[in-house]
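Accompanying notes for the structure given below.
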Amino acid sequence: MAFELPQLPYAYDALEPSIDARTMEIHHSKHHNAYTTNLNAAILGTDLEGKTIENILINLDKKNAAVRNNGGGFYNHSLFWKIMSPNGGGLPTGELLEAIEKDFKTFDEFKASFAKAGATQFGSGWAWLCVHKGGKLEVCGTPNQDNPLMPEVGCGGTPILGMDVWEHAYYLHYQNRRPDYIEAFFNVINWTEVARLFALEK
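Residue 98 in our numbering sits at position 98 of the sequence shown; the count goes up by one each step and never skips.
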């Protein structure tokens, strides 16, 4: 069964002013759609057909650039849309906040670490908050469409929060001001969804 472009759980303009409608429309209907189409083409007729995207990425042959780039792009964006909300922002609560304070001391220190992972990613890439078995949290960054599910990317665990720092994620509105985009991203984080993913994976 082919992968399908997921529908957004909100309108393209729902995240304004943090993320503008035109960026959301192009990002979802053009970029994510292209990753989806190209991933399906890359796995057609191979033993990867019918497997989950998580299984494909965990067992990735990194030399298979088409699957690596487009599979990563499909997975990363599918997570990205879910962990944002027009009612987002603020602070996490409950077990997730406790885990953040355990591993980063304070929420502000976590925020600074996550923002730095995004701001210092050279060129295109992603910043991640990942959870390891046992509930330990880790912040890291990956280039291009790589993600922590893939082997040998320099960080591990299961992503529960991802921030796209490709220029297509912010350039129409923020131009070269990536730190401004990163600050605005915190206003739309869906901490309820991040906490749900944390509870599933810890």
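All C-beta atoms, glycine included, are put in the ideal place defined by N, C-alpha and C.
| Could you check where the beta strand (DSSP E) with M213 kicks off and where it finishes? | Outside the modelled stretch of the chain, which goes from 1 to 202, sits residue 213, for which no answer is possible.
If the criterion is Cβ atoms closer than 8 Å, does the pair N190 and G88 meet it?
Against a cut-off of 8 Å, the Cβ pair of G88 and N190 comes out as a contact.
*asked:* Which same chain residues end up closer than 7 Å to L231 when comparing Cβ atoms and leaving out the 5 residues on each side of it in sequence?
replied: Outside the shown range of the chain, which is 1 to 202, sits residue 231, and nothing can be said about it.
| N- and C-terminal bounds of the beta strand (DSSP E) containing V131 | Note, V131: beta strand (DSSP E), G125 to V131.
Should G73 go down as buried or exposed, given a rule of 16 or more other Cβ atoms within 10 Å for buried?
-> It counts as buried.
message: To the nearest angstrom, how far is the alpha carbon of R68 from that of I58?
response: About 11 Å.
Exercise. Span of the alpha helix (DSSP H) holding P143?
Worked result: No alpha helix (DSSP H) holds P143; the beta strand (DSSP E) holding it covers L137 to P143.
### Task
May I ask you to report which of helix, strand or coil DSSP gives I83?
I83: coil per DSSP, three-state reduction.
- prompt: Under 8 Å, do Y75 and N147 count as touching if we go by C-beta distance?
  reply: Yes, they are a contact pair.
Please go through the same chain and pick out, in chain order, the residues whose beta-carbon is closer than 7 Å to the beta-carbon of A42, but skip the five residues on each side of it. Taking C-beta separations shorter than 7 Å and ignoring five residues to either side along the sequence, the partners of A42 in its chain run A66, V67 and N70, following chain order.
Nearest to H32 (by Cα), restricted to the options L96, E98 and F3: Nearest C-alpha to H32: F3.
With I100 and E193 assumed to form a contact (beta carbons below 8 Å), what rounded beta-carbon distance in angstroms separates them?
15 Å between Cβ atoms; not a contact.
Inset, instruction - Name the one or two DSSP bridge partners that I189 has. - result: Looking at the DSSP output, I189 shares a beta bridge with M84.
- Query: What residues in its chain sit with their C-beta under 6 Å from that of G118, if we drop five residues either side in the sequence?
  - Reply: A distance below 6 Å between beta-carbons, with the five flanking residues on each side excluded, links G118 to the following residues of its chain, in chain order: A127, M163, V165 and I182.
Under DSSP, the alpha helix (DSSP H) around H173 begins and ends at which residues? Here the alpha helix (DSSP H) through H173 covers Y171 to Y174.
Please state the DSSP three-state secondary structure of S78. In the structure shown, S78 sits in a helix (DSSP, three-state: H, G or I).
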